[in-house]
Ligand SMILES: Nc1ncnc2c1ncn2[C@@H]1O[C@H](COP(=O)(O)OP(=O)(O)OP(=O)(O)O)[C@@H](O)[C@H]1O
């Protein structure tokens, strides 16, 4: 079954464009999905989802397995890939393979930076220019696109440079050119004397000069390269130009002064990313403290603020801070942010004139959270493991706070929100207590390998989306900031509209900044706080007990559920196992039957008796039966003839006869055995002889074959001799004819022939005779051998 997080679905409103003329309508537009009660606005926390496109490497490594499907602009479904824990759990019967989540608005992989900014940030930036505070934080696993969303790439800026563009677009031509009014503590402004102003200008110039080696250009939100004023002189020329702005009716209009800070929370320590100390690598970075002002608003003590006059200057400051950011390469992202970084812009609204009064301060923070991955995924060890632990811890506390805030919406279940358990949540606290609007951007990738982490992120966001934010009615005029002197004490010569009495009248002590209180006041404050602490602790204890009870109940329910599930699974397992065993038993039975059949067939073959043997045996049996009958008859007759004698010793006689017979049988058996042995011996001898004879016969056969071949050869020779004889006869005839024609004998060949011829007939005859004799002898011999 799919899970649908169908809690309060928020309609996305599109705010008006941020030109000064349209700004008056912004507040109303923003309120459209909000409820207003006692001047306070409550609205669900806006949670936007951005899905990163696949990188080439991810596509090549089969990361694309259709895990994320955007159903519509507010609904997304996640399907577990086959190797994920979610899928394995699902196969075990725990959890589902498909989850659905709703968001304020979903931005798919094709969304451009401009589209994303328009769809998420415009109203927030707009209200910021109107005096409303704002917080934007990105949440997601490492490599999901959080930094890309906030800062963007050099060619295509993210929401931060785009917001700055809007802010500077709004205050263009109305910038207060001096640096003598500077943000102080949580919401106040410090008036600097000329020496301090000079110092301020020098530190800004020095900060900018640290980037000199890296080049003189930075990038705006739209990717255009802008040349920055790098030297002190140039920026001073800018700030020294002073105008009094007048509206159409000749009335003076407000002026604005923009200041920025950039810090990170790394391993639960706060570090100023714009601190000049950072340029020296050997020096240990000084960690900053988080304090509360008298209104309970947390701020970073001694944080450096820099006055900026353009987006370019702000981008340059971002660039400097980025250089100092604790980056470390993790397995999943080569340029992974290992810290939570917070870039803040404070806008001071000032009255017109050369020596203006402060009308209000608004603040907008953009927080790039570190990746929410777990240690095992990133294979973290050593320092990285410690970082991961701290990152996970602060995100866990953020999750706890969000869950507690959600629970707190139910008046019956008001719970303690552990904001103070981590630096990050301490700084976020004011935004969840009415200080301003907060909005969350959830970044995910679509990779199959990080599916389980992504699902965790989505579940976190589903809870966050249910948090309803209560926002105090606030604009620049709502709460005038105090102006303090260089010693930090409140000074009187401020806004003409607001008297010092007004500022201090209600409860002077409460208004006082703790850092400038007298020792007595501090002691009194401490006592008060102690009392508060005791009460808070008591409340906390009660709450804890409640929570424990609820958790106990929830756990009991879960145990019952688990018990049921396991019983069911056990039954199923039992059934299937029984079935399997039965099948196996049948198999064995069948195998045994087959085996028995085969055995029987084998036995049958061994015991096979031919029909003739059987017939002979039958005849023997019949003969034996007949003999027995005859013997029985004979025995009966004998009994009769014995008459009375039989009464005394027939049994003894029978026993004796029986014994004799048995002896006979034994001796017969012995004889039979002997005969059998002799027969066996004879058979063995005979077979040996037979074997020998066979061998002999073989030899003889070979000899006969040899003789036959010899006879054939002799016949051939005889034929050739006969042929030669014929030839010789012919030669003789020829020679005799030659003798008649040539009477004169010649020497050499002819004389030799004549000599030969004269002696030849005798010799030839002898030869003939000899040959005939030899042929006849041979023939006789052959025939004899044959
Ligand atoms: N919408 C997008 N379009 C194109 N590329 C993107 C997008 N989002 C992120 N990327 C790219 O994905 C990579 C990771 O993004 P990024 O560094 O912003 O992740 P991250 O969530 O901030 O990671 P970490 O928490 O580790 O810092 C970068 O190379 C970035 O350029």
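Numbering (the UniProt record's numbering), first residue to last: 1 to 786.
By construction, the Cβ of each residue, glycine as well, lies at the ideal position given by its N, Cα and C atoms.
message = Ignoring anything shorter than 4 residues, give me the alpha helix (DSSP H) runs that lie fully in the segment 422–470, in order along the chain.
response = Runs found: 423–432, 451–464.
ask   = What separation, rounded to the nearest whole angstrom, lies between the Cα atoms of residue 512 and residue 296?
value = Here the question's residue 512 lines up with position 512 in the chain shown. Here the question's residue 296 lines up with position 296 in the chain shown. The pLDDT assigned to residue 512 is 43, lower than 50, so where the model puts this residue is not dependable, and the model offers no usable value.
inquiry  = Just to confirm the assignment, what range does the alpha helix (DSSP H) spanning residue 268 have?
reply    = To locate residue 268, count along the chain shown from 1; it is residue 268. Run containing residue 268: none; DSSP gives neither H nor E here.
query = Would you call residue 712 buried or exposed, if buried means 16 or more other Cβ atoms sit within 10 Å of its Cβ?
reply = The residue given as residue 712 occupies position 712 in the chain shown. Residue environment analysis places residue 712 among the exposed positions, since fewer than 16 neighbouring C-beta atoms fall within 10 angstroms of its C-beta.
query = Would you say residue 108 and residue 443 are within 7 Å of each other, going by their C-beta atoms?
reply = Here residue 108 is taken as the residue at index 108 of the chain shown, counted from 1. Here residue 443 is taken as the residue at index 443 of the chain shown, counted from 1. Cβ distance not < 7 Å, so residue 108 and residue 443 don't count as in contact.
query = Helix or strand or just coil, what does DSSP make of residue 666?
reply = As a first step, residue 666 is located in the chain shown; it is residue number 666 there, counting from the start. In the three-state reduction of the DSSP assignment, residue 666 falls in the helix class.
ask   = ligand 1 heavy atoms versus the CB of residue 434: any closer than 6 Å?
value = In the chain shown, the residue the question calls residue 434 occupies position 434. Distances taken from the Cβ of residue 434 to the heavy atoms of ligand 1 include none shorter than 6 Å.
message = Can you look up residue 346 in the DSSP assignment and give me helix, strand or coil?
response = Taking the first residue of the chain shown as position 1, residue 346 is located at position 346. Strand at residue 346.
task = Return yes when at least one heavy atom of ligand 1 lies under 6 Å from the C-beta of residue 146, else no.
result = Locating residue 146 in the chain shown gives position 146, counting from the first residue. Correct: residue 146 has its Cβ closer than 6 Å to ligand 1.
inquiry  = Please classify residue 611 as buried or exposed, where buried requires at least 16 neighbouring CB atoms within 10 angstroms.
reply    = Sequence index remark: in the chain shown, residue 611 carries index 611 (1-based). Classification for residue 611: exposed.
key: Contacts around residue 314, its chain only, beta-carbon distance under 7 Å, and the 5 residues preceding and following it disregarded   = On the chain shown, residue 314 is found 314 positions in, with the first residue counted as 1. Taken in chain order, the residues that qualify are 164, 260, 308.
ask   = Are residue 263 and residue 303 closer than 7 Å when you measure CB to CB?
value = Your numbering for residue 263 matches position 263 in the chain shown. Your numbering for residue 303 matches position 303 in the chain shown. In this structure, the beta-carbon distance from residue 263 to residue 303 falls below 7 Å.
inquiry  = Applying the 10 Å Cβ sphere with the 16-neighbour rule, what's the burial state of residue 162?
reply    = Counting from 1 along the chain shown, the entry for residue 162 is found at position 162. By the neighbour-count rule (16 or more Cβ atoms within 10 Å), residue 162 is buried.
7 Å Cβ shell around residue 3 - same chain, five flanking residues per side excluded = As a first step, residue 3 is located in the chain shown; it is residue number 3 there, counting from the start. Note that residue 3 scores a pLDDT of 38, beneath 50, so its modelled location is shaky; the value from the coordinates is reported in the next line. Taken in chain order, the residues that qualify are 96, 99, 100.
Near ligand 1: residue 95 beta-carbon under 6 Å from a heavy atom = Indexing the chain shown from 1 puts residue 95 at position 95. False, no ligand heavy atom lies under 6 Å from that Cβ.
query = Taking 6 Å as the cut-off, is the CB of residue 81 close to at least one heavy atom of ligand 1?
reply = Working through the chain shown from its first residue, we reach residue 81 at position 81. Taking 6 Å as the cut-off, one finds no heavy atom of ligand 1 near enough to the beta carbon of residue 81.
message = Looking at the strands, I want to know which residues DSSP matches up with residue 339.
response = Here residue 339 refers to the residue found at position 339 of the chain shown. Bridge partners of residue 339: none, in fact.
task = Could you check the C-alpha separation between residue 89 and residue 45 for me, to the nearest Å?
result = For this step, residue 89 is matched to residue 89 along the chain shown. For this step, residue 45 is matched to residue 45 along the chain shown. The alpha-carbon atoms of residue 89 and residue 45 are separated by roughly 31 Å.
inquiry  = Buried or exposed for residue 299, going by 16 or more other Cβ atoms inside 10 Å?
reply    = For the purposes of this step, residue 299 is taken as the residue at position 299 of the chain shown. Buried is the call here.
key: Anticipated Cβ contact below 8 Å, residue 469 with residue 435, distance rounded   = Along the chain shown, read from residue 1 onward, the residue named residue 469 stands at position 469. Along the chain shown, read from residue 1 onward, the residue named residue 435 stands at position 435. 10 Å between Cβ atoms; not a contact.
message = Do residue 184 and residue 257 have their beta-carbon atoms positioned less than 7 Å apart in this structure?
response = Residue 257 sits at position 257 when you count from the first residue of the chain shown. Residue 184 sits at position 184 when you count from the first residue of the chain shown. No, they are not a contact pair.
message = Do residue 402 and residue 361 count as a contact pair if the criterion is CB distance below 7 Å?
response = Within the chain shown, the letter at position 361 stands for residue 361. Within the chain shown, the letter at position 402 stands for residue 402. The beta carbons of residue 361 and residue 402 sit no closer together than 7 Å.
inquiry  = I believe residue 349 touches residue 254 by the beta-carbon criterion, under 8 Å. Please report the beta-carbon distance rounded to the nearest angstrom.
reply    = What you label residue 349 is simply residue 349 of the chain shown in a count that begins at 1. What you label residue 254 is simply residue 254 of the chain shown in a count that begins at 1. The pair is a contact, with the Cβ atoms about 6 Å apart (cut-off 8 Å).
key: Any 3 or more C-beta pairs closer than 8 Å across the segment 186–205 and the segment 146–153   = In short, these stretches do not touch, since the Cβ pair count stays below three.
task = List the residues that DSSP assigns as beta-bridge partners of residue 712.
result = Sequence index remark: in the chain shown, residue 712 carries index 712 (1-based). Looking at the DSSP output, residue 712 bridges to nothing.
query = How long is the line joining the alpha carbons of residue 322 and residue 199, rounded to whole angstroms?
reply = On the chain shown, residue 322 is found 322 positions in, with the first residue counted as 1. On the chain shown, residue 199 is found 199 positions in, with the first residue counted as 1. Their backbone Cα atoms lie some 24 Å apart in a straight line.
ask   = Is residue 121 helix, strand or coil by DSSP?
value = Here the question's residue 121 lines up with position 121 in the chain shown. Coil.
inquiry  = Under DSSP, the beta strand (DSSP E) around residue 107 begins and ends at which residues?
reply    = Start at 1 with the first residue of the chain shown, and residue 107 comes out as number 107. Residue 107 -> beta strand (DSSP E) spans 105–107.
query = Straight-line CA distance for residue 726 to residue 715?
reply = Reading the chain shown from its first residue, position 726 is the one you call residue 726. Reading the chain shown from its first residue, position 715 is the one you call residue 715. The alpha-carbon atoms of residue 726 and residue 715 are separated by roughly 17 Å.
ask   = Who pairs with residue 258 in a beta bridge, going by DSSP?
value = Taking the first residue of the chain shown as 1, we reach residue 258 at position 258. According to DSSP, which records beta bridges pairwise, residue 258 is partnered with 308, 347.
ask   = Quick one: Cα of residue 168 to Cα of residue 310, how far?
value = One-based indexing of the chain shown puts residue 168 at position 168. One-based indexing of the chain shown puts residue 310 at position 310. It is roughly 6 Å from the alpha-carbon of residue 168 to the alpha-carbon of residue 310.
inquiry  = Does residue 584 come out as helix, strand or coil in the three-state DSSP assignment?
reply    = Walking along the chain shown from the start, residue 584 turns up at place 584. Helix at residue 584.
ask   = ligand 1 heavy atoms versus the CB of residue 157: any closer than 6 Å?
value = Within the chain shown, residue 157 is the residue found at index 157, counting from 1. Flag unset: Cβ of residue 157 not near ligand 1.
Beta-carbon proximity of residue 68 to residue 103, cut-off 7 Å = Against the chain shown, residue 68 aligns to sequence position 68. Against the chain shown, residue 103 aligns to sequence position 103. Judged by their CB atoms, residue 68 and residue 103 are not nearer to each other than the 7 Å cut-off.
message = Between which two residues does the beta strand (DSSP E) holding residue 138 run?
response = As a position in the chain shown, residue 138 is number 138, starting the count at 1. Element bounds for residue 138: 133–139.
inquiry  = For residue 367, tell me which candidate among 358, 354, 345 has the shortest Cα-Cα distance.
reply    = Along the chain shown, read from residue 1 onward, the residue named residue 367 stands at position 367. Residue 345 is the option with its Cα nearest to residue 367.
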